[in-house]
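K.L.:
This is the structure I want to talk about, given as C-alpha coordinates.
Here it is in C-alpha coordinates:
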(Lines of atoms letter the chains of each structure in order from A and count residues from 1; the text may use other names and numbers.)
(Lines give C-alpha, C1' and ligand atoms only; values in the text may rest on other atoms or scores of the structure.)
Protein backbone atom coordinates (compact mmCIF):
# COMPACT_ATOMS: atom_id res chain seq x y z
CA UNK A 1 0.00 0.00 0.00
CA UNK A 2 1.41 3.36 -0.97
CA UNK A 3 -1.03 5.81 0.58
CA UNK A 4 -4.62 6.68 -0.17
CA UNK A 5 -7.16 9.49 -0.41
CA UNK A 6 -10.49 10.04 1.30
CA UNK A 7 -13.49 12.21 0.61
CA UNK A 8 -15.14 13.71 3.66
CA UNK A 9 -18.82 14.20 3.00
CA UNK A 10 -19.70 17.90 2.99
CA UNK A 11 -16.09 19.12 3.06
CA UNK A 12 -15.30 18.76 -0.64
CA UNK A 13 -12.12 17.60 -2.26
CA UNK A 14 -10.00 14.51 -1.84
CA UNK A 15 -7.63 14.46 1.12
CA UNK A 16 -4.52 12.25 1.01
CA UNK A 17 -3.69 10.19 4.09
CA UNK A 18 -1.10 7.62 5.02
CA UNK A 19 2.35 7.11 3.60
CA UNK A 20 1.95 3.42 2.91
CA UNK A 21 3.51 0.31 4.38
CA UNK A 22 4.89 -3.12 3.52
CA UNK A 23 1.89 -5.50 3.72
CA UNK A 24 3.96 -8.65 4.14
CA UNK A 25 5.95 -7.16 7.01
CA UNK A 26 2.76 -5.85 8.64
CA UNK A 27 0.97 -9.22 8.43
CA UNK A 28 4.08 -11.02 9.69
CA UNK A 29 4.28 -8.72 12.72
CA UNK A 30 0.55 -9.18 13.43
CA UNK A 31 0.88 -12.97 13.34
CA UNK A 32 3.99 -12.85 15.53
CA UNK A 33 2.18 -10.63 18.05
CA UNK A 34 -0.82 -12.97 18.06
CA UNK A 35 1.40 -16.01 18.69
CA UNK A 36 3.24 -14.26 21.53
CA UNK A 37 -0.09 -13.19 23.04
CA UNK A 38 -1.37 -16.79 22.97
CA UNK A 39 1.80 -17.85 24.81
CA UNK A 40 1.21 -15.06 27.36
CA UNK A 41 4.37 -13.20 26.38
CA UNK A 42 2.74 -9.89 25.42
CA UNK A 43 -0.61 -8.17 24.97
CA UNK A 44 -2.48 -8.10 21.69
CA UNK A 45 -1.73 -4.95 19.71
CA UNK A 46 -5.11 -5.10 17.99
CA UNK A 47 -7.99 -5.47 20.42
CA UNK A 48 -11.20 -7.33 19.60
CA UNK A 49 -12.93 -3.94 19.62
CA UNK A 50 -10.45 -2.61 17.04
CA UNK A 51 -11.08 -5.64 14.84
CA UNK A 52 -14.87 -5.23 15.01
CA UNK A 53 -14.62 -1.50 14.24
CA UNK A 54 -12.54 -2.35 11.16
CA UNK A 55 -15.20 -4.81 9.98
CA UNK A 56 -17.89 -2.15 10.47
CA UNK A 57 -15.99 0.24 8.20
CA UNK A 58 -15.48 -2.43 5.54
CA UNK A 59 -19.15 -3.50 5.64
CA UNK A 60 -20.24 0.12 5.29
CA UNK A 61 -17.89 0.63 2.35
CA UNK A 62 -19.24 -2.45 0.54
CA UNK A 63 -22.84 -1.34 1.16
CA UNK A 64 -22.08 2.13 -0.22
CA UNK A 65 -20.40 0.59 -3.26
CA UNK A 66 -23.39 -1.70 -3.91
CA UNK A 67 -25.78 1.26 -3.69
CA UNK A 68 -23.49 3.68 -5.55
CA UNK A 69 -23.97 6.14 -2.71
CA UNK A 70 -22.15 7.68 0.24
CA UNK A 71 -22.71 6.23 3.71
CA UNK A 72 -21.61 7.39 7.13
CA UNK A 73 -19.71 5.00 9.34
CA UNK A 74 -21.51 4.81 12.65
CA UNK A 75 -19.66 2.96 15.38
CA UNK A 76 -22.05 0.94 17.52
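Residue numbers (our numbering): 39 to 114.
Ideal Cβ positions, reconstructed from N, Cα and C, are used throughout, including at glycine.
From residue 44 to residue 71, what distance separates their C-alpha atoms?
P.N.:
In a straight line, the C-alpha of residue 44 is about 29 Å away from that of residue 71.
K.L.:
Going straight from the alpha carbon of residue 54 to that of residue 41, what length do you get?
P.N.:
One C-alpha to the other measures close to 7 Å.
K.L.:
Cβ of residue 89 within 8 Å of Cβ of residue 113?
P.N.:
For residue 89 and residue 113, no; Cβs fall outside 8 Å.
K.L.:
If I follow the unbroken alpha helix (DSSP H) through residue 97, where does it start and stop?
P.N.:
Counting along the chain, the alpha helix (DSSP H) containing residue 97 begins and ends at 86-105.
K.L.:
Do you know how far the Cα of residue 68 is from the Cα of residue 59?
P.N.:
Their Cα atoms are separated by approximately 13 Å.
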